[in-house]
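In mature numbering (1 follows the signal peptide of the UniProt record, and there is no 0), the protein residues as written are -22 to -1, 1 to 353.
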């Protein structure tokens, strides 16, 4: 089996031909399956401006036993370029190597997988993440980030997928002005791509982190940012907390300014029963947003765990149950006639939510380090 079972459940994603209820007509995000795409992995020797290990280990040192920041080991068999780690060999005797998103062929392979994920359906759109730490605080990181964005554009164009930019405002106190600067200086050039996602005839952007207690609380800045992008002719989506409907703070006025809401559910429930029970929230969210003429993009995830980066946490904390957990979430969306959804995440090997190809069993992981495998 080349694709993990969590990916196979995507056959139930909603196609453009399905007559479902939405505030907007089918476009590149409404009526489509979107995945979050981190693109943040780097490796020493990848010839990127950063040219060091990024996200795989706890710091820029190489990854090795007990110095590991990711939970799921990737299936690297289809990559042209991989980089030697400090782990012992894999169970099959092969050297333990990892990939870098700086390599164009690697990102191209990811978009090929999005197109080929099943015979009946595929992943339509990818939301490329951008963070303050790379955008504003380090010019080398910014250059690397922009290079990965170019790889994403090329991969989407080559495989007839769509992509758009999604800023995460975590630890970003000046997000309201600096995101505009980033769009003008770095992102606007991407919008001309034939692969850049449009909805209602407008380029799509997303800002994630509105209304969370541990994120910046600049509601006036958030409204100004949304209104600025709308004045520029953009379609603006927002990542919010799952309690958004009952929020009585100033954030409630931010939510109604958005074209689309995306409530974040990772960790909100962790088993099939919890996913089934959450259907009531999905229904209430959908009905409320239809009344406000706002599109709805519920978040689904395959499972999650992060015991390698947080040793005190439980291994396989929110298990995939061979795809049953994610299947239940798709069933909810289908039964409620919700036309759009967002899978978190395509390549989030760090916290165990990745749906990209991963180690199927112990033969595909280092013999000296625990990793969650698909069996």
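In this text, a Cβ means the ideal position worked out from N, Cα and C, and glycines have one as well.
Are there 16 or more other CB atoms within 10 angstroms of the CB of residue i, so buried, or fewer, so exposed?
i	result
residue 290	exposed
residue 6	buried
residue 281	buried
residue 52	buried
residue 286	buried
residue 194	buried
residue 118	exposed
residue 265	exposed
residue 330	buried
residue 326	buried
residue -17	With a pLDDT of only 44 at residue -17, under the threshold of 50, the placement of this residue in the model should not be trusted; the figure read from the coordinates follows. Classification for residue -17: buried.
residue 146	buried
residue 44	exposed
residue 179	exposed
residue 328	buried
residue 288	exposed
residue 253	buried
residue 344	buried
residue 73	exposed
residue 191	exposed
residue 170	exposed
Please state the DSSP three-state secondary structure of residue i.
i	result
residue 20	strand
residue 197	helix
residue 109	strand
residue 314	coil
residue 75	strand
residue 25	coil
residue 210	coil
residue -3	With a pLDDT of 49 at residue -3, under the threshold of 50, the predicted position of this residue should be treated as unreliable, and no value is reported.
residue 344	strand
residue -8	Bear in mind that a pLDDT of 44 at residue -8, under 50, signals an unreliable position, so the number given afterwards is only what the model happens to contain. Looking at residue -8 - three-state DSSP - the assignment turns out to be coil, as it is neither helix nor strand.
residue 68	strand
residue 114	coil
In the DSSP output, which residue or residues are listed as bridge partners for residue i?
i	result
residue 141	104 and 174
residue 186	146 and 217
residue 61	76
residue 52	336
residue 12	103 and 320
residue 88	Bridge partners of residue 88: none, in fact.
residue 42	45
residue 244	247
residue 180	177
residue 238	215 and 273
residue 123	Answer is none; residue 123 lacks a bridge partner.
residue 350	50
residue 32	20
Assuming residue i and residue j form a contact by the criterion Cβ under 8 angstroms, report the distance between their Cβ atoms to the nearest whole angstrom.
i	j	result
residue 113	residue 106	Between residue 106 and residue 113 the Cβ distance is about 12 angstroms, and since that is not below 8 angstroms, they are no contact.
residue 225	residue 272	Actually they are not in contact, since the Cβ atoms of residue 225 and residue 272 sit about 15 angstroms apart, beyond 8 angstroms.
residue 60	residue 48	Not a contact, Cβ separation roughly 15 angstroms.
residue 241	residue 276	7 angstroms
residue 79	residue 23	The pair is not a contact, with the Cβ atoms about 14 angstroms apart (cut-off 8 angstroms).
residue 103	residue 10	6 angstroms
residue 231	residue 201	7 angstroms
residue 183	residue 153	In fact, because the Cβ distance is near 13 angstroms, the residues do not count as touching under 8 angstroms.
residue 188	residue 211	That pair is no contact at about 21 angstroms.
Taking only runs that begin and end inside the region 253 to 337, name each unbroken beta strand (DSSP E) of 3 or more residues, in chain order.
319 to 321
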